[in-house]
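Undergrad: 93 is the number that the working numbering gives to position 86 of the sequence shown; each next residue is one higher, with no gaps.
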Amino acid sequence: MVSQITRGIKISVLTAFEGTYFKNHKIHFAFSYEITIENHSKDSVQLTTRHWEIFDSLNDKETVDGEGVIGKKPVLKPGEAHTYSSGCLLASPFGSMRGFFNMVNFTSTKSFKVIVPTFRLSAPFALN
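1. Pick from Phe62, Asn31 and Thr13: whose alpha carbon is nearest that of isoleucine 44?
2. Buried or exposed: which applies to arginine 57, given that a residue is buried once 16 or more other Cβ atoms fall within 10 Å of its Cβ?
3. Quick check: the Cα distance between aspartate 50 and lysine 84, rounded to an integer number of angstroms?
4. So what's alanine 37 in DSSP terms, helix, strand or just coil?
5. Taking the beta strand (DSSP E) that serine 19 belongs to, which residues open and close that run?
6. Quick one: what does DSSP say alanine 88 is sitting in, helix, strand or coil?
Below, the structure written as structure tokens:
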């Protein structure tokens, strides 16, 4: 697990290898990740958008921007947490992801970025 705190918001990430799949006549390596967002600040906040950079060991990079996470824009009061799961397909058995969430502080009405720490995606069978 990797974790990082930005402005009182803690992001923790767990990853898992889910298997290989054929898609468009190519093998893909499937990974899942579970992200927990914890509000350790004194203010209520809302996640509004996400930004991901997804890398694989073949030097492919994919950038994904979107509203919320898995169709939700969670509001977190002080002390609350939100956990969700998602996944990605890579063209190789190794890769990583990093990014950030844009959030709004309800007290100040200001937007701010919360960093999602870089997390590795690796298929166990490919590790030396």
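Heads up, the beta-carbon is just placed ideally off N, CA and C, and yes, glycines get one too.
TA: Quick look at the numbers:
1. Thr13
2. In the assembly as shown, arginine 57 is a buried residue. Its beta-carbon has 16 or more other beta-carbons within 10 Å.
3. Each residue's Cα considered, the two are about 7 Å apart.
4. strand
5. Going by DSSP, serine 19 is part of the beta strand (DSSP E) stretching over 16-30.
6. strand
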